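*Asks:* One structure, as structure tokens, below. Some questions next.
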Amino acid sequence: MQNIEAIIFDLDGVIVDTARFHYQAWKRLAQELGFYFSLEQNERLKGVSRMESLELLFEFGELPLPSEEEKVRLATKKNDWYRENILKMTPNDLLPGVGKFLNELKEANYKLAIGSSSKNAGTILSRIGYDKFFDAVVDGTKITNSKPDPEVFLKAAEKLGMKPEKCVVFEDAHAGIEAAKRAKMRTVGVGSKQVLFDADIVVPDLKDINKKIIDELN
Ligand code: BG6
Ligand code: MG
């Protein structure tokens with residue numbers, strides 16, 4: 000097995016706690032559409048693009064899909080609610096342990112990238128003061144297929160000039176772990192073992208993490 004030289008981070012739910020803002024906004028939309036949207040159902044939306052998420056939401060609500068125009072209107076509405084929250088974010092909104100871990104990895108000369116399905120990744124990175132920190136950022140504006148498709152991670156590796164076999168992905172979404180595995184990368188699941196069972200290692204959060212975790216994967 001090749002030694003890890005690059006680390007690719009998912010953004011929502013790994014670096015920042017925006018996964019809950021996504022859930023709040025989808026839940027509000029579901030409420031308007033007349034049904035309850037559970038946290039368990041929300042797991043399926045993690046890592047998935049905005050439009051695909053909307054389609055899944057309709058499936059959960061057992062509603063027929065509306066016209067393309069209506070789909071765009073509803074997805075925009077959800078995104079406006081979501082953006083109200085992310086526009087209030089500050090550098091204090093980095094999840095516990097993340098800033099320290101990222102600095103430690105950078106000092107140890109690992110290449111660092113973001114691999115996110117979100118079209119709002121640029122806004123979030125600016126709000127938290129990390130827009131110039133990563134060696135590569137691949138987000139929802141640069142991909143055609145969202146997770147579980149491996150495109151986002153393969154593009155990040157390519158931008159870093161790194162073979163996938165030398166990369167590890169940190170992810171909170173089941174779809175993200177699948178995408179990383181399909182890209183032939185090693186995986187660290189951040190969250191519950193129940194959801195992220197097929198990751199190489201699962202940690203509950205990045206609070207007490209340090210670079211030894213990378214050695215464990217080598
Ligand atoms: C992913 C989130 O990072 O981005 C998903 O896990 C979200 O929940 C997706 O749907 C797309 O995000 P956005 O910001 O482009 O609507
Ligand atoms: Mg995520």
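FYI, the numbering for the sequence shown is 0 to 217, going by numbering that gives the first Met the number 0.
Ideal Cβ placement from N, Cα and C applies to all residues, glycine included.
Source: prediction; values computed, not measured.
What's the gap between the Cα of Q40 and the Cα of Q1?
*Replies:* Counting from 1 along the sequence shown, the entry for residue 40 is found at position 41. Counting from 1 along the sequence shown, the entry for residue 1 is found at position 2. Cα to Cα, Q40 sits roughly 37 Å from Q1.
*Asks:* From what residue to what residue does the beta strand (DSSP E) around R185 run?
*Replies:* Position 186 of the sequence shown, counted from the first residue, corresponds to residue 185. That run of the beta strand (DSSP E) goes R185 to V189.
*Asks:* According to the neighbour-count rule (16 or more other Cβ atoms, all chains shown, within 10 Å of its Cβ), is T143 buried or exposed?
*Replies:* As a working note, residue 143 is residue 144 in the sequence shown. It is exposed - the Cβ of T143 has fewer than 16 other Cβ atoms within 10 Å.
*Asks:* Please confirm whether D16 and D92 have their CB atoms less than 9 Å apart.
*Replies:* Walking along the sequence shown from the start, residue 16 turns up at place 17. Walking along the sequence shown from the start, residue 92 turns up at place 93. Yes.
*Asks:* Measuring alpha carbon to alpha carbon, tell me which of L10, N108, E58 and F57 ends up nearest K45.
*Replies:* To locate residue 45, count along the sequence shown from 1; it is residue 46. Nearest option by C-alpha distance: L10.
*Asks:* Nearest by alpha-carbon distance to L56: which of R72, K26 and V97 is it?
*Replies:* Taking the first residue of the sequence shown as position 1, residue 56 is located at position 57. If we check each option's Cα against that of L56, K26 comes out closest.
*Asks:* Is there at least one non-hydrogen atom of the ligand BG6 closer than 8 Å to the beta-carbon of S52?
*Replies:* As a position in the sequence shown, residue 52 is number 53, starting the count at 1. Indeed, a heavy atom of the ligand BG6 lies less than 8 Å from the Cβ.
*Asks:* Where do the N-terminal and C-terminal ends of the alpha helix (DSSP H) with E4 fall, by residue?
*Replies:* What you label residue 4 is simply residue 5 of the sequence shown in a count that begins at 1. Counting along the chain, E4 falls outside any alpha helix (DSSP H), and DSSP gives it neither H nor E.
*Asks:* Please classify L38 as buried or exposed, where buried requires at least 16 neighbouring CB atoms within 10 angstroms.
*Replies:* Indexing the sequence shown from 1 puts residue 38 at position 39. With fewer than 16 Cβ atoms within 10 Å of its Cβ, L38 is classed as exposed.
*Asks:* In angstroms with no decimal places, state the Cα-to-Cα distance between L101 and Q30.
*Replies:* Taking the sequence shown and counting its residues from 1, one reaches residue 101 at position 102. Taking the sequence shown and counting its residues from 1, one reaches residue 30 at position 31. Cα to Cα, L101 sits roughly 38 Å from Q30.
*Asks:* How far does the alpha helix (DSSP H) with V47 in it reach, from first residue to last?
*Replies:* For the purposes of this step, residue 47 is identified with residue 48 of the sequence shown, where counting begins at 1. That residue, V47, is in no alpha helix (DSSP H); it is neither H nor E in DSSP.
*Asks:* Is G46 a contact residue of the ligand BG6, with contact defined as CB to any heavy atom under 8 Å?
*Replies:* Your numbering for residue 46 matches position 47 in the sequence shown. Yes, the beta carbon of G46 sits closer than 8 Å to at least one heavy atom of the ligand BG6.
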